[in-house]
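Worksheet: one structure, shown below.
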Amino acid sequence: MTPTKSQPDKNAPAKPAAKASEPLIPGRPGAAPESVSEPTTPAEPLPPKPDQTGPDTRTPTGAETGADQTANAQQGAYLTTAHGAPVRDTDHSLKAGRRGPTLLQDHHLREKVSHFDHERIPERVVHARGAAAHGTFVANGAAESICVAPFLAKGVETDTFVRFSTVLGSRGSMDLARDTRGFATRFYTSEGNFDLVGNNMPVFFIQDGIKFPDIVHAAKWHHDREIPQAQSAHDTFWDFVSLHTETQFHTLWNMSDRGIPRSYRMMEGFGVHTWRLINSEGKTSLVKFHWKPRLGVHSVTWEEAIITNGADPDFHRRDLADAIEAGAYPQWDLGVQVMPDTEDQMFEGIDLLDPTKLVPEELVPVQVIGTMTLNRNPVNFFAETEQVAFNPANRVQGIDFTNDPLLQARLFSYLDTQITRLGGPNWNQLPINRAHAPINDLLRDGFHQDAVHGGVAPFHPNTLDANNPSVAGDEQHAVIDFPAPIAQGTNTREQSASFDDHYSQATLFYRSMTPVERDHIIAAYTFELLKCWEEAVRVRQLQCLANIDAELCAAVALGLGMDAPKPTQPPVEPAHLSPSLSQLGQTFPVDGRQVGIVVGEKADAASVQALQGALSAAGVVPLVVAPHGGKVAGLTVQRTYTTAASVEFDAVVVVGDVPPAPDAQPTLDAKAGADDPNGAVDPRVSKIVGEAWRHAKAIGLVDAKAAAQALNLADGGVAIVAGDAATVANELVTLLGSHRAWERFVPVSQ
Ligand code: HDE
Numbered sequence: 001m002t003p004t005k006s007q008p009d010k011n012a013p014a015k016p017a018a019k020a021s022e023p024l025i026p027g028r029p030g031a032a033p034e035s036v037s038e039p040t041t042p043a044e045p046l047p048p049k050p051d052q053t054g055p056d057t058r059t060p061t062g063a064e065t066g067a068d069q070t071a072n073a074q075q076g077a078y079l080t081t082a083h084g085a086p087v088r089d090t091d092h093s094l095k096a097g098r099r100g101p102t103l104l105q106d107h108h109l110r111e112k113v114s115h116f117d118h119e120r121i122p123e124r125v126v127h128a129r130g131a132a133a134h135g136t137f138v139a140n141g142a143a144e145s146i147c148v149a150p151f152l153a154k155g156v157e158t159d160t161f162v163r164f165s166t167v168l169g170s171r172g173s174m175d176l177a178r179d180t181r182g183f184a185t186r187f188y189t190s191e192g193n194f195d196l197v198g199n200n201m202p203v204f205f206i207q208d209g210i211k212f213p214d215i216v217h218a219a220k221w222h223h224d225r226e227i228p229q230a231q232s233a234h235d236t237f238w239d240f241v242s243l244h245t246e247t248q249f250h251t252l253w254n255m256s257d258r259g260i261p262r263s264y265r266m267m268e269g270f271g272v273h274t275w276r277l278i279n280s281e282g283k284t285s286l287v288k289f290h291w292k293p294r295l296g297v298h299s300v301t302w303e304e305a306i307i308t309n310g311a312d313p314d315f316h317r318r319d320l321a322d323a324i325e326a327g328a329y330p331q332w333d334l335g336v337q338v339m340p341d342t343e344d345q346m347f348e349g350i351d352l353l354d355p356t357k358l359v360p361e362e363l364v365p366v367q368v369i370g371t372m373t374l375n376r377n378p379v380n381f382f383a384e385t386e387q388v389a390f391n392p393a394n395r396v397q398g399i400d401f402t403n404d405p406l407l408q409a410r411l412f413s414y415l416d417t418q419i420t421r422l423g424g425p426n427w428n429q430l431p432i433n434r435a436h437a438p439i440n441d442l443l444r445d446g447f448h449q450d451a452v453h454g455g456v457a458p459f460h461p462n463t464l465d466a467n468n469p470s471v472a473g474d475e476q477h478a479v480i481d482f483p484a485p486i487a488q489g490t491n492t493r494e495q496s497a498s499f500d501d502h503y504s505q506a507t508l509f510y511r512s513m514t515p516v517e518r519d520h521i522i523a524a525y526t527f528e529l530l531k532c533w534e535e536a537v538r539v540r541q542l543q544c545l546a547n548i549d550a551e552l553c554a555a556v557a558l559g560l561g562m563d564a565p566k567p568t569q570p571p572v573e574p575a576h577l578s579p580s581l582s583q584l585g586q587t588f589p590v591d592g593r594q595v596g597i598v599v600g601e602k603a604d605a606a607s608v609q610a611l612q613g614a615l616s617a618a619g620v621v622p623l624v625v626a627p628h629g630g631k632v633a634g635l636t637v638q639r640t641y642t643t644a645a646s647v648e649f650d651a652v653v654v655v656g657d658v659p660p661a662p663d664a665q666p667t668l669d670a671k672a673g674a675d676d677p678n679g680a681v682d683p684r685v686s687k688i689v690g691e692a693w694r695h696a697k698a699i700g701l702v703d704a705k706a707a708a709q710a711l712n713l714a715d716g717g718v719a720i721v722a723g724d725a726a727t728v729a730n731e732l733v734t735l736l737g738s739h740r741a742w743e744r745f746v747p748v749s750q
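In case it helps, our numbering puts the sequence shown at residues 1 to 750.
Next comes the structure, spelled out in structure tokens:
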């Protein structure tokens, strides 16, 4: 609690020597202007909170020079100017008289407003909207035989920072856009930063980085009106992808449920490119990196995504932060698919340098090499989440690049864009970017130089500073540039013929989906293409679908009211399906899932408490939804019928009668849900339960016969459980483990 003058804080430091109203020099009038009034008299200050002392992740560099290099943002108990002079009044500008003009000499005013004027920095050109968390990675040692990197040795613990993001939307856009998600991880290893800057999909749109500006220009808003925001459902995106058929596989991932994840905690991550690992004997292997979420891979429905974007545009951001704050720390296993480093870098007909291809896990299983736990929310969004600057070029000993032409362009782009975004070349010195390893580079000066470098010889070799810093070798874990053979030939802008297959893995993906997942894909293509006004674009995209799968093409064409074209090249029948591409069919832990417990005015508190207890014990978060705020039947209300949205719950339980609340405000929402002619259920409750049903969520009924009758749930059905609180809680936890009850609906595709 903030202390007031009548309530002094015992822990406060001793009073300052002079108070604003006291004379500064004995015998002379005080400097405080007579116009200064409350609230500018300083209250007794609290000692700084522990988390206000600034990030503790910075490597001190000042020892050699004697300069104080601490990066504390908030020190001391009193307000100061940026130059450390204590400030007497920050609420009134200095004026020539009470009603006079403001004086130019009011430096505090100018400093305060001017700094504010420059608070924003450019958002990322892609992946502008994100959320992040700190964590740790513990290696299990399984990678020791293939990689010399010390952070992969058994038991080594490494600090991490992960930023998840959408790709297309601006910083203020909504979380549940249909989009690829970024999954960028920094490992602060004791040998320097390793950044695994990946996505939640294992393939990319394009094969060559020179086309990245084109795909991004096409996928972002239209350049005349800057709409639509955070969506691929528009002409320019589909114009590009239908013209560049290499994009079709990634686009199919976007149209699948992977494009609308339930949570950042429930996404896979992929390094996408093939990387070269080097072991202690200098032997190499080619690998693909995978993050496997312990909570499973889950998505929302499209209708849910649309509702969520309105009801809670920060849904994913909130979900991640809340889970970590509640102690439900999300975890991912890091795994690798290991392929031999052959001369042609092909594996079973798959070109490992082509980032539009994956290696099916049935062909090369993912081997777990460690586990990451995210356990700390950022203290300051700007300082950490916004200023973090990832770079796939940041690697450590034992990890090297391949010739993937997409990766090669990325190696240039990240540092380059960050010079603009972070205002100069010294962003590596920002606390979130600073390596947790000693830094002794020969970089000097530049905007925002924070270090006070000593010595006279920032060049190598030198004799003036005794050749310091000296270069490192294997013993000091120097980065290895593996002497990979260089391909013979002439300069060319052509690419390998093995990059020409644009469809076979798209067909494999579609055929590996379960019927309900195929339905969702068909619906997504239909929706998106109906948002394209140019018929030529729709026709061309239908042609691409025909080359992927005839059923898919026909179903989408039906929705568009167009004819399904014949394939220009018949789909390649996959020799084996890849069930690991599907999200369904497994059960997972339920940590951090949310259940809405909907009660009426006369709720049975004992039943609700029993439900709350059983659900909390299983790691699920129960939230009481009642007709009004405050308390109902002695229970604390977390949401009301008006503020609750079905989309924030993974399951809903109705306890007792939920009749229309007499004081219900007549909202449009309330009326829209009125499908209960007998008036047994508040229309807002029927809306919540109706949406939960449509979104294939489990529904529980405890002593709720009237509601069940009115909502047509009395006969039970798939994932509808009735009984006492203990039974319902138990069954719900089991049902939540498989995420959704898709069996509630008969799929159209087979
Ligand atoms: Fe990025 N990408 N990218 N990208 N990317 C950026 O870097 C770029 C690609 C990815 O949370 C930018 O600092 C090029 C693939 C993530 O801060 C920029 C190409 C993959 C993030 C950039 C690609 C990614 C970025 C924008 C094609 C998955 C967010 C701001 C050659 C493996 C990182 C920034 C964060 C961000 C360039 C393709 C992932 C412009 C040129 C493939 C997760 O430098």
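Where is the CB? At the ideal position from N, CA and C, for every residue including glycine.
Bridge-paired residues (DSSP) for residue i
| i | result |
| --- | --- |
| Glu157 | Val138 |
| Trp275 | Val287 |
| Asp650 | Beta-bridge pairing links Asp650 to no other residue. |
| Ser170 | In the DSSP output, where bridge partners are listed per residue, Ser170 has none listed. |
| Trp533 | Answer by DSSP bridge pairing: none, since Trp533 is not bridged. |
| Ala704 | Ala704 pairs with nothing; no bridge assigned. |
| Phe187 | Thr160 and Phe194 |
| Met372 | Phe137 and Trp332 |
Residue i versus residue j - alpha carbon distance
| i | j | result |
| --- | --- | --- |
| Val637 | Ala617 | 20 Å |
| Asp445 | Ala451 | 9 Å |
| Asp549 | Glu362 | 22 Å |
| Arg276 | Thr284 | 6 Å |
| Gln612 | Pro659 | 22 Å |
| Thr4 | Ala651 | For Thr4, the predicted model reports a pLDDT of 37, less than 50, meaning its position is unreliable and no value from the coordinates is stated. |
| Val733 | Ile597 | 14 Å |
| Asn274 | Phe289 | Before going further, note that residue 274 is Thr rather than Asn in the sequence given. Cα-Cα distance, rounded: 8 Å. |
| Val746 | Val516 | 8 Å |
| Asp175 | Phe459 | 47 Å |
| Arg124 | Tyr414 | 10 Å |
| Gln476 | Ala698 | 56 Å |
| Val621 | Pro589 | 13 Å |
| Pro39 | Asp89 | Here Pro39 scores only 43 on pLDDT, less than 50, and its place in the model should not be relied on; the value that follows carries that caveat. Near 9 Å, if we compare the C-alpha coordinates of Asp89 and Pro39. |
| Gly716 | Ala722 | 8 Å |
| Ala661 | Pro627 | 6 Å |
| Gln609 | Ala706 | 21 Å |
| Thr166 | Val689 | 30 Å |
Residue i beta carbon near the ligand HDE (any heavy atom closer than 7 Å)
| i | result |
| --- | --- |
| Leu353 | no |
| Arg410 | yes |
| Tyr188 | no |
| Val197 | yes |
| Ser173 | no |
| Arg124 | yes |
| Gly310 | no |
| Ala383 | no |
| Ser413 | yes |
Chain-order list of residues whose beta-carbon lies under 6 Å from that of residue i (same chain, five-residue window excluded)
| i | result |
| --- | --- |
| Ser738 | Thr587 |
| Val203 | Phe249, His250, Thr356 and Leu358 |
| Phe205 | Ile215, Thr247 and His250 |
| Asn375 | Gly135 and Tyr329 |
| Val287 | Trp275, Leu277, Val336 and Val338 |
N-terminal and C-terminal residue of the alpha helix (DSSP H) that residue i is part of
| i | result |
| --- | --- |
| Trp693 | Pro683 to Arg694 |
| Phe237 | Asp235 to Leu243 |
| Leu735 | Ala725 to Gly737 |
| Thr308 | Trp302 to Ala311 |
N- and C-terminal bounds of the beta strand (DSSP E) containing residue i
| i | result |
| --- | --- |
| Asn193 | Gly192 to Asn199 |
| Trp253 | Careful: Trp253 lies outside any beta strand (DSSP E), inside the alpha helix (DSSP H) at Gln248 to Met255. |
| Ala109 | It is worth fixing the name first, because residue 109 is Leu in this sequence and not Ala. It is not in any beta strand (DSSP E) - Leu109 instead sits in the alpha helix (DSSP H) that spans His107 to Asp117. |
Beta-carbon proximity list for residue i, same chain, < 8 Å, skipping 5 on both sides
| i | result |
| --- | --- |
| Gly423 | Ile121, Phe447 and His448 |
| Ala472 | Ala478 |
Close-in-space but distant-in-sequence residues of the same chain around residue i (CB under 7 Å, 5 per side omitted)
| i | result |
| --- | --- |
| Asn377 | Ala133, Ala321, Ile324 and Glu325 |
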